[in-house]
Every structure is written in structure tokens, then in C-alpha cells.
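Enquirer: Below you'll find the structure I mean.
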Amino acid sequence: MKSFEQGNEWMKLWSENQKSLFEAWVEGKPPPFAFRGEAPPAGDPMKQAAQISELMRESMGQWAEYAKGAWTKGAGMDPEQMKKLFDPAEWKRAGSHFDLGMEKLTEGPTYATLWDLDRKTLGLQKLWVERAKAVESYWEVMQGAWTKALERFMKTASDPKGEPIKSGRQLLDLWLATANKALLEMHRSEEFLEVQRKMTRASTEYRLAEREIAEAFCEIHHIPTRTEVDELQRTVTELRRELRALKAKGKV
Amino acid sequence: MRIQVDPREAVKEFGEFSKRLQQGRELLEKTRDKDVQIATTPKREVFRQDKVVLYHYTPMVKKKTVATPVLMVYGLIGRYTMADLQEDRSLVRNLLAQGVDLYVVDWGTPTRGDRWLTLEDYIDGYLGECVDFIREKQKLEAVSLLGICEGGVFTTCYAARNPKKVKSLTLTITPIDFHAGAKDAPLHHGLIGLWARSMSHADVDRLIEANGNLPGELMSFVFSMMTPVNALTKYNLGLFDVMDDEKKLLNFLRMEKWLADRPDHPGEAAKQWLKDLYQGNQLVKGEFRLGGTKVDLKKITMPVLNVFAEEDHIIPPKSTQALRPLIGTKKYTELPLPGGHVGVFVSGKSQGILGKNIFGWLKANS
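Chains A and B, in that order, give the protein sequences. Per my numbering: the first sequence = residues 1 to 252. Per my numbering: the second sequence = residues 1 to 366.
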């Protein structure tokens, strides 16, 4: 089938590039760029970087074309989306094409541990977005309180019936007292408590997902994971507790 | 228009501001860390288990005026150094000066390795070991306990579970009814309870799972919500107000030093503190369990002195006062003091009153 031929061709090119990149890395030489058969860019490092970036964009454009045909029928990828997916500039933002693309790639059938780390990374990306949204909602509520404080302050400060304000410090104290009251009212509100709760939870979930990825790295590199150390510490605490109880009973 | 600032007065005000700023800058520049020492009353280590250390304060007078030694117990949110902030603001020195034989338990600085420690470990375990050490050392049946804030809950539970080992129980700014609070209370009162109850049990569990412990920084943030503008302005306006007066400046810096030294609260114990007590209010309901058995406050049969701050925004007076009908003794005394939660210990106003009253009561009941 045509789509398979395209897929195979792409796989071949990709493998060749990976192989030559790996060999160049091992030998400490610049990659030969077998894909285009060109010599590596020489001279100004900035120009080199720009050329490499451009090369990557072009490569991904071609890759996307191949992948379009190789992909499951009916779930074809938009080449523009694919280009954006591999554009390094896109990776800087959360909730961008990068994680949407990754989602598309990893939402396929689950084959044991295939793509497992990618799925975890995607999960972390999503939680990062959730956390960013929760923080934004929190600041929105906070901003509301400051706006309310300013409105009240303007009203009080311009009220002709109020005590005259004769110094800068008096004016500052009035502003601070007004702001304090508005902030406290906000801190007690259901709306604030809920956004604060959501922000805390979102940060917590993000941190836990981050730990999962760190633990995957630890496992690969023969380093004890956080979970394993926690379990060890739990055992020590329980042993200390038992020892104390035995001492209290005079059995030790 | 209310704003009637005379330009000449404004120039004068600005001149004074600049002068003060200059004086303050000079004073701050010559202030060193050694000038800002806290908890300096001499003491020696007499017992240690894991990170927990029991100290015995060096007597300040030859004659012991109270027969039973007193063990001071602070909580895990903050440190005991608050009771000995500086020489002229120290409950520790006030009691020692009157001949009280005083010990203090220091819980140390918990790390992630302490995340599995429970309230049982602290109350039955470490506190129990400290009490037994003093009893054995001094060949006594019982010691007197002085609990502060969360430490007051620890001593209350210990006294209920070991009434024969406790001669008298002094509680200061201690929460008993975690849901209590006056309806007409000021806005900044009881915010910790609101925060704790805004979370679900799962929120608390996940928070502890992610951090191991309840981070000290998080608790500092929650405390700062109760005085939001003060928290935002204390290092500019607050500092400016005291920076040209050496005594005031050092008081300010000592307080900040204590505030900044907020350890993490061990995780499992924090879960019990937040879920069972702040959310479930189990102590006042008679449902709070330690080591599988209910804490029966009726078993508190020794004399009790309950000290609370009338303006306490962290532990409302009603929360503390809830103890009276729950305990099994009629020898119950309440001592309301002017000031806020920490102010009771560190304000100039309360210095004489707190130490003097506790000493008088201890002399009569220990």
C-alpha cells in the first residue's frame, strides 16, 4: 500500500539520520546530515544554529507529509500542526501545539510500556497547564479585592463629610486600612477559598506527576526513588515505634 | 474634599521621612546577626531521642519555690523559642526568676524522613519519654505540664491518658473546640479554620503525599492571610516605623527571626491535626483517637489553668474556653489576658501579668 511505502521510506530516512547523528556524537564530530546529504554549516555559530533550526523545520515538513499517509485512516495529521509540533519555538509555551500534538501521538493503542514516558510527560504538561490556569484564577479573585479596595478608598478619600486628611501618612494609613479590610473579606469568601483550594491541589498534582517522571529517571540510572526512600523511612519509623513500646514494657 | 494636605507640611513630612530613613539605614548597617539572638536563657540538654531534645533550664534563684518541676511543651507549628524571645520578654525568665524548676521540649527540625511520625509518636512517645525521664531523675510520681498552642493539645491529650503522671496542667492559647468562634468576631479571626475546612480529606492527603510534610512556608503563608496588609508592608512601612530606634528595631528583628524559623510539620501528624481536629473537631466531640483509643477529657482530674488571649485571631477565646465542661475536675481556672495569640508571650504589656499569674497558680496547685 502507498501509505505503508511512504511510512517505510520515512522510517528508513529517520533511522539513517539517527544512526549518523549517533555516530557523529560518539566520535565528537558534527553530524553529516545524511537526510539532505549536505556538509554541516560552517562559520558563525549563530548562523549555524539558524541553519540547523531551518533544516529541522524543513525535515519535519517532509516528515509530516510522509506521516500523513502513514497515519491511521480518518485520523490524519495536519502537516501544519505537525510542523508546529516539532518547532522548538512552540515548546516554550504551555497548552500549545506541542502538548496537543503529543496527545495525538500518545493517545493511540497502549502497547505495554511503549510511549509510557511520553504519556507521563504529556500528563505533566497537562497538569502544568491546569496549574497555570488555577494560579490565574487565584490572581483574578485577588485582583477583584484590590479593585474593590481602590473603589472604596477613592470614595472615602473624596467624601467631604469625613475627617480631613492632612498628611501623606494619614492618606497612606487610610489606603492600607481600606485594602486590609477588602483583602480580609476576600480571604473569607467562598470564591477565594475555592480558587485557593484548586490552586493548592493543582500544584500538588503537578508536583506528584513531576515525581513520577523523576522516579522513571532514577530507575533507569539505578538511583533509589522518592517512593522507595519514603517506604524505607516508614519502616524505620515503625521499628522505632515498636522498640519504644517494648522498652516501655521493660522487654528490651 | 477630605484631602487637605498643606504643601509646606508635606515638604516638612518628606524631610522627616528622609531623616528617619537615613538614621535607620545607618542603624541597620551596623546591626549584625549576633545582635539578634533569641532563646538565650541558659539551659542544658538532659535527654535526647531521635530529633527531640529535652532541656533543663539553669535555675536563676537558689530557692525552689514550686515543689513540682514544670515541663513546657510547644507545638510543631513554630518553635518553643517564642516563650524566651528576649531577656525582657520571656516567660521562661519570668518563671525561673520566681524559683520554678523548668524544662522545655524541643521537637527539632523535622525533615522528609519524619513524615510518618504521628500525633501518637509525639504525645505517647516523645512527650511520654520526656515526662518519664523527669519523673525518674527527680524521683517523682508526677510533673506539671505547661502547653502552648498545639503543644497545649498535646499536653491535654497526655494528661487525659496519663492522669497519674500529671500534677497540674497549664494551657496557654490552646484550641479545644476547633470550630468555635464568635459570630461577631473581627474579620481576621479564625481564618486558619476556614482554610483547613476548605480542603477535602483527599486534598490534605495529596498535599502531604507531594511534600512529605506540611511545609512551614505554607503555614507561614496561611498565617499571613490573617494580616494581609501587614504581611505586605512589614519590611517597608513596618520596618520604617521602627528603624531609627535601636530597641524597637531589635525587637522587630527578633520577632522576624522567630517567625522565619517555622519548621515543617511531620506529614502523618499534620493529617491528624487538619482532618481529625480542624475538620472533624473530634477532640471536643469525644471522638479523637490516639493509638486506637478515644481521648477521654473527663480523665483530666488534676488542677487546670487555662490562659487565653482576648484578641487571639488564631485561636479564638471560645475555642479555648470550651474545655471547662469537658474535663473531670472542678479545679479549673481561666485567665484571660489582653493581646493577641503571640502577643501574650512577647508584648511588653503582658510580660509581668503572664509569668506572675502562672507562678501564683503553680505555687498553689503543684
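For each residue, glycine too, the CB sits at the ideal point set by N, CA and C.
Does the segment 215-233 of chain B touch the segment 178-189 of chain A, meaning 3 or more C-beta pairs lie closer than 8 Å?
Expert: Counting Cβ pairs under 8 Å, three or more are found: they touch.
Enquirer: Would you say K181(A) lies against chain B (beta-carbon separation less than 8 Å)?
Expert: Translated into positions along the first sequence, residue 181(A) becomes position 181. By this cut-off, K181(A) is an interface position.
Enquirer: Are the CB atoms of Y158(B) and G125(B) within a distance shorter than 8 Å?
Expert: Counted from its first residue, the second sequence places residue 125(B) at position 125. Counted from its first residue, the second sequence places residue 158(B) at position 158. Result no, Cβ atoms of G125(B) and Y158(B) do not sit closer than 8 Å.
Enquirer: For P336(B), which beta-bridge partners are listed by DSSP?
Expert: One-based indexing of the second sequence puts residue 336(B) at position 336. DSSP, once it has assigned bridges, lists F308(B) as partnering P336(B).
Enquirer: When the Cα atoms are used, what is the spatial distance from T72(A) to V204(B)?
Expert: Against the first sequence, residue 72(A) aligns to sequence position 72. Against the second sequence, residue 204(B) aligns to sequence position 204. With a pLDDT of only 48 at T72(A), under the threshold of 50, the placement of this residue in the model should not be trusted; the figure read from the coordinates follows. For T72(A) and V204(B), the distance between alpha carbons rounds to 44 Å.
Enquirer: The beta strand (DSSP E) with E45(B) in it runs from where to where?
Expert: Residue mapping note: residue 45(B) aligns to position 45 of the second sequence, counting from 1. Counting along the chain, the beta strand (DSSP E) containing E45(B) begins and ends at K43 to Q49.
Enquirer: Name, going along the chain, the residues of the segment 157-169 of chain A whose beta-carbon falls closer than 8 Å to a beta-carbon of chain B.
Expert: Cβ contacts with chain B come from A157, S158, D159, P160, G162, E163, P164, I165, K166, S167, G168 and R169.
Enquirer: Measuring alpha carbon to alpha carbon, tell me which residue in I314(B), V295(B) and L96(B) is nearest L191(B).
Expert: Walking along the second sequence from the start, residue 191(B) turns up at place 191. Residue I314(B) is the option with its Cα nearest to L191(B).
Enquirer: What are the boundary residues of the beta strand (DSSP E) that I123(B) is part of?
Expert: On the second sequence, residue 123(B) is found 123 positions in, with the first residue counted as 1. Segment: none, I123(B) is in no beta strand (DSSP E) and carries neither H nor E.
Enquirer: With a CB to CB cut of under 6 Å and the five nearest residues on each side skipped, what residues in its chain are close to H221(A)?
Expert: Sequence index remark: in the first sequence, residue 221(A) carries index 221 (1-based). Nothing meets the Cβ criterion.
Enquirer: Comparing C-alpha positions only, which one of G216(B), K257(B) and G339(B) sits nearest to T109(B)?
Expert: Residue 109(B) sits at position 109 when you count from the first residue of the second sequence. The shortest C-alpha separation from T109(B) is found at G216(B).
Enquirer: For the segment 91-122 of chain B, which residues have a CB atom closer than 9 Å to at least one CB atom of chain A, in sequence order?
Expert: For the segment 91-122 of chain B, which is checked against every Cβ of chain A, the residues closer than 9 Å are R112, G113, D114, R115, W116, L117, T118, E120 and D121.
Enquirer: Taking the DSSP output, what are the residues bridged to T155(B)?
Expert: To locate residue 155(B), count along the second sequence from 1; it is residue 155. The partner list for T155(B) (beta bridge, DSSP) is empty, contrary to what the question assumes.
Enquirer: Using a C-beta to C-beta distance shorter than 8 Å, which residues of chain A count as neighbours of G125(B)?
Expert: Your numbering for residue 125(B) matches position 125 in the second sequence. Simply R241 and R244.
Enquirer: Closer than 8 Å, CB to CB, is L193(A) near chain B or not?
Expert: Start at 1 with the first residue of the first sequence, and residue 193(A) comes out as number 193. Output row for L193(A): interface = yes.
Enquirer: Could you tell me which of A50(A), L246(A), K251(A) and D230(A) sits nearest to T111(B), measuring between CA atoms?
Expert: Here residue 111(B) corresponds to residue number 111 of the second sequence, with the count starting at 1. Comparing Cα positions, the closest option is D230(A).
Enquirer: What's the gap between the Cα of H341(B) and the Cα of V52(B)?
Expert: Along the second sequence, read from residue 1 onward, the residue named residue 341(B) stands at position 341. Along the second sequence, read from residue 1 onward, the residue named residue 52(B) stands at position 52. Whole-angstrom Cα-Cα distance: 25 Å.
Enquirer: Less than 8 Å between the CB atoms is what I'm expecting for Y103(B) and M72(B), so what's the real figure, rounded?
Expert: By one-based count along the second sequence, residue 103(B) stands at place 103. By one-based count along the second sequence, residue 72(B) stands at place 72. About 7 Å separates the two Cβ atoms, so the contact holds.
Enquirer: With distances taken between CB atoms, is the gap from V166(B) to L145(B) smaller than 8 Å?
Expert: Mapped onto the second sequence, residue 166(B) falls at position 166. Mapped onto the second sequence, residue 145(B) falls at position 145. Yes, these two residues count as a Cβ contact at 8 Å.
Enquirer: One question on the structure: do I165(A) and Q4(B) come within less than 8 Å of each other, judged by their Cβ atoms?
Expert: The residue you call residue 165(A) lines up with position 165 of the first sequence. The residue you call residue 4(B) lines up with position 4 of the second sequence. Cβ atoms of I165(A) and Q4(B): closer than 8 Å.
Enquirer: Give a yes or no on whether the C-beta atoms belonging to V284(B) and D114(B) are separated by under 8 Å.
Expert: If you number the second sequence from 1, residue 284(B) lands on position 284. If you number the second sequence from 1, residue 114(B) lands on position 114. Contact: no.
Enquirer: Return the residue from the list R8(B), D184(B), T58(B) and R206(B) that minimises the CA-CA distance to T40(B).
Expert: Against the second sequence, residue 40(B) aligns to sequence position 40. Of the candidates R8(B), D184(B), T58(B) and R206(B), the one whose C-alpha sits nearest the C-alpha of T40(B) is T58(B).
Enquirer: Count the other CB atoms within 10 Å of the CB of T170(B); is the residue buried (16 or more) or exposed (fewer)?
Expert: For the purposes of this step, residue 170(B) is identified with residue 170 of the second sequence, where counting begins at 1. Buried, because 16 or more other Cβ atoms sit within 10 Å of the Cβ of T170(B).
Enquirer: Relative to the alpha-carbon of L392(B), which residue among R161(B), R20(B), K257(B) and V70(B) has its alpha-carbon at the smallest distance?
Expert: Any question about residue 392(B) goes unanswered here, given that chain B covers just 1 to 366.
Enquirer: Which partner residues of S90(B) appear in the DSSP bridge assignment?
Expert: For the purposes of this step, residue 90(B) is taken as residue 90 along the second sequence, with counting starting at 1. DSSP lists D84(B) as partners of S90(B).
Enquirer: How is G147(B) classed by DSSP in three states: helix, strand or coil?
Expert: Here the question's residue 147(B) lines up with position 147 in the second sequence. In this structure, G147(B) counts as strand in the three-state DSSP scheme.
Enquirer: Below 8 Å on C-beta distance, what does S198(B) contact in chain A?
Expert: Locating residue 198(B) in the second sequence gives position 198, counting from the first residue. Neighbours of S198(B) on chain A, chain order: L193, E194, Q196 and R197.
Enquirer: For the candidate residues E219(A), F192(A) and R201(A), whose alpha-carbon lies nearest to that of R131(A)?
Expert: Your numbering for residue 131(A) matches position 131 in the first sequence. Of the candidates E219(A), F192(A) and R201(A), the one whose C-alpha sits nearest the C-alpha of R131(A) is R201(A).
Enquirer: Per DSSP, R54(B) forms a beta bridge with which residues?
Expert: Taking the second sequence and counting its residues from 1, the one referred to as residue 54(B) is at position 54. Residue identity check: residue 54(B) is Leu in the sequence provided, not Arg. In DSSP, L54(B) forms a bridge with F47(B) and V105(B).
Enquirer: Under 8 Å Cβ-Cβ, which residues of chain B neighbour R207(A)?
Expert: The residue labelled residue 207(A) in the question sits at position 207 within the first sequence. Residues of chain B passing the Cβ test: A210 and N211.
Enquirer: Using a Cβ-Cβ cut-off of less than 9 Å, give me the residues of the segment 25-57 of chain B that come near chain A, in sequence order.
Expert: Against chain A - using a Cβ distance shorter than 9 Å - the residues of the segment 25-57 of chain B are Q49 and D50.
Enquirer: Quick check: the Cα distance between E191(A) and T81(B), rounded to an integer number of angstroms?
Expert: For the purposes of this step, residue 191(A) is taken as the residue at position 191 of the first sequence. For the purposes of this step, residue 81(B) is taken as the residue at position 81 of the second sequence. Rounded to the nearest angstrom, the two C-alpha atoms are 37 Å apart.
Enquirer: Is T178(A) closer than 8 Å to T156(A) when the C-beta atoms are compared?
Expert: Here residue 156(A) corresponds to residue number 156 of the first sequence, with the count starting at 1. Here residue 178(A) corresponds to residue number 178 of the first sequence, with the count starting at 1. Against a cut-off of 8 Å, the Cβ pair of T178(A) and T156(A) comes out as a contact.
Enquirer: Short of 7 Å in beta carbon distance, which residues of its chain neighbour A196(B), apart from the five on each side in sequence? Order them along the chain.
Expert: Position 196 of the second sequence, counted from the first residue, corresponds to residue 196(B). Hits under 7 Å: L274, Y278 and Q279.
Enquirer: Are the CB atoms of T174(B) and T320(B) nearer to each other than 8 Å?
Expert: Here residue 174(B) is taken as the residue at index 174 of the second sequence, counted from 1. Here residue 320(B) is taken as the residue at index 320 of the second sequence, counted from 1. Yes. Within cutoff.
Enquirer: Taking the alpha-carbon positions, what's the D101(B) to G360(B) distance?
Expert: By one-based count along the second sequence, residue 101(B) stands at place 101. By one-based count along the second sequence, residue 360(B) stands at place 360. Spanning the two alpha carbons is a distance of roughly 14 Å.
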